[in-house]
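>
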Amino acid sequence: MQIKNEVTGWQLFYLVVQTQVGIGVLSMQKDISIVSRNDAWISLAIGGILIQLLLLVFLWLLLRAGEVDYFILLEKAFGQIIGKLLAACYLAYFIYILLVSNLSFIKVISEWIYMDTPRWILMLLFLIPAVYCASGKVVHIARFSMLVSIILPVLVMLLIPVYSTPNYTHFFPIGSEGAGQILKGLEATLLAYIGFESFLYFSKYVRSNREKELKKAAFSTLFVTVFYLFLLISTQVYFHIEELVIVPYAVLYILKSLSFVIVDRIDLIFLSLWIVIVLTSFVNFLFIASNESKNLFNLKSHKRPIIFIVFAVFVTSLFIKEKQEIIGVQTALPAVAIIFTVILPLGTLCFYLLFRKEKEI
Amino acid sequence: MKRAIFLLHVVLIFFLAACWDQNLLKDTQLVYTAGYDQTEEGDIQATTLAPPVEEGGVENEVTVTGHSMLDTMYEMDLRIAEYANFSKLQTVLIGESLAADSVYPFLDELYRNPDSNLHARLALVALPAVDLLSSEIETQKNKSEYFKGILESSELTSVIPYMSLQEACTIIFSPERDLYLPYITYDEKTKRAKIAGLALFHQKKFTEEYLNTEESVIFNILNNDIEEVARITRRVHEDRNPEVENWITIEVKDAKSNLKVNRQLSKLRAEVTLEIVVLEYGQNKITNKKEEELTNILSDLLAEDIRRVLKKLQSSKSDALGLGSQVASFNAERWDEATWSETYQQLDQEVDVDIKLISTGIIE
Chain A
21 MQIKNEVTGW QLFYLVVQTQ VGIGVLSMQK DISIVSRNDA WISLAIGGIL IQLLLLVFLW
81 LLLRAGEVDY FILLEKAFGQ IIGKLLAACY LAYFIYILLV SNLSFIKVIS EWIYMDTPRW
141 ILMLLFLIPA VYCASGKVVH IARFSMLVSI ILPVLVMLLI PVYSTPNYTH FFPIGSEGAG
201 QILKGLEATL LAYIGFESFL YFSKYVRSNR EKELKKAAFS TLFVTVFYLF LLISTQVYFH
261 IEELVIVPYA VLYILKSLSF VIVDRIDLIF LSLWIVIVLT SFVNFLFIAS NESKNLFNLK
321 SHKRPIIFIV FAVFVTSLFI KEKQEIIGVQ TALPAVAIIF TVILPLGTLC FYLLFRKEKE
381 I
Chain B
26 MKRAIFLLHV VLIFFLAACW DQNLLKDTQL VYTAGYDQTE EGDIQATTLA PPVEEGGVEN
86 EVTVTGHSML DTMYEMDLRI AEYANFSKLQ TVLIGESLAA DSVYPFLDEL YRNPDSNLHA
146 RLALVALPAV DLLSSEIETQ KNKSEYFKGI LESSELTSVI PYMSLQEACT IIFSPERDLY
206 LPYITYDEKT KRAKIAGLAL FHQKKFTEEY LNTEESVIFN ILNNDIEEVA RITRRVHEDR
266 NPEVENWITI EVKDAKSNLK VNRQLSKLRA EVTLEIVVLE YGQNKITNKK EEELTNILSD
326 LLAEDIRRVL KKLQSSKSDA LGLGSQVASF NAERWDEATW SETYQQLDQE VDVDIKLIST
386 GIIE
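Chains as they are written, first to last, in the working numbering: chain A, 21 to 381; chain B, 26 to 389.
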């Protein structure tokens with residue numbers, strides 16, 4: 021059976037959602053709360069709205085550009101040499117993201133449940149399925165992303181018992197940290213939302229009825245924002261801010277402290293669902309990275325680069341094991357992310373449109 | 026290719042067993058009850074109870090001393106045949122010596138360890154925890170069950186609130202609220218432990234004051250934290266004979282309490298609405314007129330009780346009702362963490378109790 025190498029608008033929607041929702045589910049509450057304290061939810065909401073607007077701008081520019089593939093667009097905008105160079109930078113950026121996501125995943129798993137299992141085993145167990153998933157066609161990972169999205173409502177349901185004894189005083193006084201801290205919190209917020217830019221790369225697979233279908237997918241960040249806000253507010257009504265900043269994975273603590281009649285330790289159930297969510301995020305990035313290197317090096321298939329990339333991530337991760345080193349790897353992420361997800365795409369798209377206009381005249 | 030994938034799956038199965046982190050029941054000793062004291066040198070003395078391996082066997086009791094919480098576990102492992110495992114911990118008893126300065130540093134390890142049980146109940150013990158755990162409890166074979174049960178049954182009657190490790194740590198981390206813990210004493214004569222009420226803390230330190238069981242029911246009503254059963258027995262008449270006819274026992278079906286500190290931070294207003302059912306009343310007949318008389322008497326009595334409880338909280342500087350967090354949230358410009366305990370002590374009280382008698386049960 022011939023499977024078409026294209027996706028529908030809804031599939032793209034879930035692809036982008038699943039690329040965004042990953043490690044952040046567990047780590048963003050603390051990261052944002054450290055900076056914007058009890059106004060963390062405001063930072064998150066503002067961040068979500070800004071990124072949603074940015075996506076709409078991307079959509080508008082993409083539709084005007086006419087060219088479907090973002091990386092070809094890079095070349096057309098800046099010429100072949102600079103274009104290829106930028107594409108190579110992008111590749112490095114993707115590998116960096118994969119590395120950070122692998123390291124963070126291993127950190128959570130080895131701190132919370134598998135204290136004694138060697139890290140390389142955990143990594144292999146994470147990376148081998150990822151290779152398998154990413155080696156398929158885009159339709160496969162799109163369908164997988166859709167399927168996995170069923171987990172998100174489950175996570176929401178698991179957290180609902182928090183509202184049996186909510187403590188809303190933790191939010192007050194609203195805005196006490198001042199605009200400065202709230203805006204500073206946007207940096208941590210951006211980390212939670214990374215993955216929204218996959219809209220640019222995956223959009224080339226939407227072939228029929230582009231304008232209508234892309235519009236559907238462009239609102240994916242809105243969905244993620246609502247989901248994240250729920251997570252953050254649930255942790256804020258539960259924990260006092262002083263506690264939230266010392267608790268590394270707030271959601272896990274909450275779930276661990278909830279008790280139902282037959283089930284205890286729901287955090288472990290949550291964790292096994294969360295692993296799948298992190299995996300989709302990793303797989304989607306891996307897929308983008310390998311497809312990009314296929315174009316970059318003029319290869320026939322994207323399967324070989326997958327092996328190379330994953331091998332590189334695996335070996336590098338083996339050498340980064342001290343806590344400070346892991347943190348060191350992570351700290352560069354916000355700055356790098358802004359360049360590759362906001363400045364470069366916007367610049368490229370605008371440059372391309374202006375450049376083309378001049379040519380036409 | 027297909028064969029390669031098949032083989033890969035076969036190989037992968039061997040990775041799934043998670044052998045490194047297996048935690049076999051036969052290798053572990055599940056600690057159900059743990060008691061902690063501080064020695065004079067500042068070390069931690071831990072006493073743990075693990076249920077017997079065979080039914081009807083003897084409970085496994087170990088007392089060790091260590092420099093830190095994990096050190097006590099290490100010392101324990103040296104003395105028992107298995108590994109000590111705290112994942113099924115039910116009760117943590119804290120000796121007063123541990124709470125003399127700050128109780129949190131000792132709880133930190135129990136709180137953060139992913140293995141530990143956050144539902145474990147916490148209680149403060151009037152005598153060293155080691156003495157309580159090693160003393161004989163009449164008619165009880167399984168002490169772990171006893172200590173868990175004694176707390177659980179008192180929670181059902183709203184004498185003490187459910188205070189788990191998680192709840193206690195949430196309160197400890199709020200600078201605007203003070204901790205309170207169930208308080209357990211031991212009666213030498215009857216050889217039984219007893220819930221004595223609620224121990225009051227100022228920040229993380231035990232104030233040496235506690236609310237007795239009568240007062241702690243009132244406290245739970247004020248804190249909007251009552252369970253299905255909350256019984257109050259009061260003397261409503263002076264002149265009846267026999268004595269039992271002077272008394273009434275009511276059950277609080279629904280209680281709403283609204284505590285407010287005014288904007289000038291000078292007055293504390295408590296509005297309490299109770300829906301009650303009369304369970305036992307010596308005179309056995311309640312007419313409409315009698316009903317009114319009784320609610321009036323009870324309102325006055327309970328208002329007096331509430332004043333007494335609030336006074337006790339204020340004089341011991343224990344802001345267990347979390348009034349500080351209310352001020353910090355809704356009156357932020359006047360909130361000052363440093364002077365709050367002074368301000369709190371100076372608050373004037375205004376108590377308003379509204380009682381609705383909704384049923385007289387089996388009494389006509």
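Every residue gets a Cβ at the ideal spot worked out from N, C-alpha and C, and that includes glycine.
None of these values were measured; they are calculated from a predicted model.
(1) Are B:A145 and B:L135 close, meaning C-beta to C-beta below 9 Å?
(2) Along chain B, which residues have their Cβ under 9 Å away from the Cβ of A:T137?
(3) Can you find the residues in the same chain that come closer than 6 Å, C-beta to C-beta, to A:Y90, ignoring five residues on each side of it along the sequence?
(4) Sorted by chain position, which residues of the same chain lie with C-beta nearer than 6 Å to B:H262's C-beta, five sequence neighbours on each side aside?
(5) Nearest chain B C-beta to A:K320 closer than 9 Å, yes or no?
(6) Mind checking who A:V226 pairs with in its DSSP beta bridge?
(7) Determine, for A:I19, whether the minimum Cβ-Cβ distance to residues of chain B falls below 9 Å.
(8) Against chain A, does B:H227 count as a neighbour if the rule is that its beta carbon must be under 9 Å from one of theirs?
(9) Could you please give me the residues that DSSP links to B:A219 through a beta bridge?
(10) State yes or no: is the beta carbon of A:D284 nearer than 9 Å to at least one beta carbon in chain B?
(11) Are the CB atoms of A:I289 and A:A309 within a distance shorter than 9 Å?
(12) Which residue spans inside the region 130–163 of chain B form an unbroken beta strand (DSSP E) run of at least 3?
(13) Buried or exposed for A:D287, going by 16 or more other Cβ atoms inside 10 Å?
(14) When the Cα atoms are used, what is the spatial distance from B:T320 to B:S178?
(15) If you check the beta carbons only, do A:I161 and A:V303 fall under 9 Å apart?
(16) So the candidates are B:S291, B:T90, B:V269; which of them puts its Cα closest to the Cα of B:A59?
(17) My understanding is that A:I274 touches A:H190, with C-beta atoms under 8 Å, so please give their C-beta distance in whole angstroms.
(18) Who are the neighbours of A:K276 on chain B, taking C-beta pairs under 7 Å?
(19) Smallest Cα separation from B:D325: which of B:K173, B:D52, B:S354, B:V376?
(20) Quick one: Cα of A:V83 to Cα of A:L74, how far?
(21) Between A:I141 and chain B, is any beta-carbon pair separated by less than 9 Å?
(22) Is there a Cβ of chain B sitting closer than 9 Å to that of A:F191, yes or no?
(23) With A:Q201 as the anchor, note down where its beta strand (DSSP E) starts and where it stops.
(24) What does the alpha-carbon distance come out to for the pair A:I141 and A:S337?
(25) Given this structure, state the Cα-to-Cα distance separating B:R137 from B:K27, to the nearest angstrom.
(26) In whole angstroms, what is the alpha-carbon distance linking A:L70 and A:R285?
(27) Can you pull the chain A residues whose beta carbon is under 8 Å from the beta carbon of B:T195, in chain order?
(28) Is the distance from the Cβ of B:Q374 to the Cβ of B:K336 below 9 Å?
(29) In terms of alpha-carbon separation, which member of A:F307, A:G195, A:F371 lies closest to A:Y152?
(30) Below 7 Å between beta carbons is the criterion; list the residues of the region 187–218 of chain A that meet it against any residue of chain B, in chain order.
(31) Pick helix, strand or coil for B:I322, following the three-state DSSP scheme.
(32) When you compare the CB positions of B:T370 and B:S350, do they come within less than 9 Å of one another, or not?
(33) On the criterion of 16 or more Cβ atoms from any shown chain inside 10 Å, does A:M21 qualify as buried, or is it exposed?
(34) For B:Q289, return the contacting residues in chain A, with the cut-off set at a CB-CB distance below 9 Å.
(35) So what's B:S183 in DSSP terms, helix, strand or just coil?
(36) If you reduce the DSSP assignment to three classes, tell me which class B:T53 lands in.
The short version:
(1) Cβ atoms of B:A145 and B:L135: closer than 9 Å.
(2) Here the neighbours are A43, C44, W45, D46.
(3) The residues are L220, Y221.
(4) Excluding residues within five positions, the ones whose Cβ falls inside 6 Å are N271.
(5) No, its Cβ sits nowhere closer than 9 Å to a Cβ of chain B.
(6) Per DSSP, none; premise fails for A:V226.
(7) Since the first and last residues shown for chain A are 21 and 381, residue 19 of chain A lies out of range.
(8) The Cβ of B:H227 sits no closer than 9 Å to any Cβ of chain A.
(9) What sits at residue 219 of chain B in the sequence shown is Lys, not Ala. Answer is B:T210.
(10) With 9 Å as the cut-off, A:D284 counts as an interface residue toward chain B.
(11) With respect to the 9 Å criterion, A:A309 and A:I289 are not classified as neighbours on the basis of their beta carbons.
(12) Entirely contained in the region 130–163 of chain B, the beta strand (DSSP E) runs reaching 3 residues are, in chain order, 146–150.
(13) The residue is buried, with at least 16 neighbouring Cβ atoms inside 10 Å.
(14) Their Cα atoms are separated by approximately 29 Å.
(15) Yes; because the gap between Cβ atoms is below 9 Å, this pair is in contact.
(16) Comparing Cα positions, the closest option is B:T90.
(17) Actually they are not in contact, since the Cβ atoms of A:I274 and A:H190 sit about 13 Å apart, beyond 8 Å.
(18) Near A:K276 (Cβ distances below 7 Å), the residues of chain B are L143.
(19) Looking at the Cα atoms, B:V376 is the closest of the given residues.
(20) Here residue 83 of chain A turns out to be Leu, not Val, going by the sequence shown. One C-alpha to the other measures close to 14 Å.
(21) At a cut-off of 9 Å between C-beta atoms, A:I141 counts as an interface residue with respect to chain B.
(22) Chain B, which has a Cβ nearer than 9 Å to the Cβ of A:F191, makes this yes.
(23) It is not in any beta strand (DSSP E) - A:Q201 instead sits in the alpha helix (DSSP H) that spans 198–213.
(24) A:I141 and A:S337: Cα-Cα distance of roughly 12 Å.
(25) B:R137 and B:K27: Cα-Cα distance of roughly 46 Å.
(26) Using only the alpha carbons, I get a separation of about 37 Å.
(27) The contacting residues are Y258, F259, H260, E263.
(28) Taking 9 Å as the Cβ cut-off, B:Q374 and B:K336 qualify as a contacting pair.
(29) Nearest of A:F307, A:G195, A:F371 to A:Y152, Cα basis: A:F307.
(30) Cβ proximity to chain B below 7 Å picks out T189, F192, P193, S196 from the region 187–218 of chain A.
(31) Three-state DSSP puts B:I322 in a helix.
(32) The residue asked about is misnamed: residue 370 of chain B is Gln in this sequence, not Thr. Cβ atoms of B:Q370 and B:S350: not closer than 9 Å.
(33) With a pLDDT of 49 at A:M21, under the threshold of 50, the predicted position of this residue should be treated as unreliable, and no value is reported.
(34) Against chain A, a Cβ distance below 9 Å from B:Q289 picks out nothing, because the smallest value is about 18 Å.
(35) If DSSP states are grouped into helix, strand and coil, B:S183 belongs with coil.
(36) When DSSP states are grouped into helix, strand and coil, B:T53 belongs to the strand group.
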